[in-house]
Amino acid sequence: MELVCIDKQTFEELRVRFCEFEDRVTRLCRPVEDLGLKNWLDNQEVCDILRINKKTLQAYRAKGLLPFSRIKNKLFYKPEDIRRLLELSYHPLIKSKL
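Heads up: the sequence shown is residues 1 to 98, going by UniProt numbering.
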């Protein structure tokens, strides 16, 4: 093994750069939930939740009933938008007089 000696100033510069690099890697490797993205749902998850097929989900998007975000060919939905759709479609039971 070869021993390399460097002066203190060079060592400090390397240490600072390494710490900056470490911080950058930590930010990039941060779990998805830290970014607030774990709650977004994809097509299949929304279909499973609403018990509908992909064609019906496409119709909801086309009619403007369900907002979405598109990244390339992948669609994502916010859970609160799914909840809002369900609440807007809710029809309470009307008790009839017996």
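A virtual CB, placed ideally from N, CA and C, is assigned to each residue, including glycine. Keep in mind that this is a model prediction, so the values were computed, not measured.
Assumed close pair residue i, residue j - CB separation to whole angstroms, cut-off 8 Å
i, j, result
"K78", "W40", "7 Å"
"L66", "L88", "The Cβ separation is near 10 Å, so there is no contact."
Residue i burial status per 10 Å Cβ neighbour count (16 or more: buried)
i, result
"V25", "exposed"
"V46", "buried"
"L93", "exposed"
"L3", "exposed"
"L75", "buried"
Within 9 Å, strictly: CB atoms of residue i and residue j
i, j, result
"V82", "I49", "Checking the sequence, you will find Ile at residue 82 rather than Val. Yes; because the gap between Cβ atoms is below 9 Å, this pair is in contact."
Residue i in three-state terms, based on DSSP
i, result
"Y77", "strand"
"Y42", "Contrary to the premise, residue 42 reads as Asp rather than Tyr in this sequence. If DSSP states are grouped into helix, strand and coil, D42 belongs with the strands."
"R51", "coil"
"I82", "helix"
Contact test: residue i Cβ vs the ligand MG heavy atom, cutoff 8 Å
i, result
"R70", "Only the bare structure without any ligand can be found here, which leaves the ligand MG out of the picture."
message: Does the stretch 55-66 come into contact with the stretch 10-25, if we say contact requires no fewer than three beta-carbon pairs (one atom in each stretch) closer than 8 Å?
response: no
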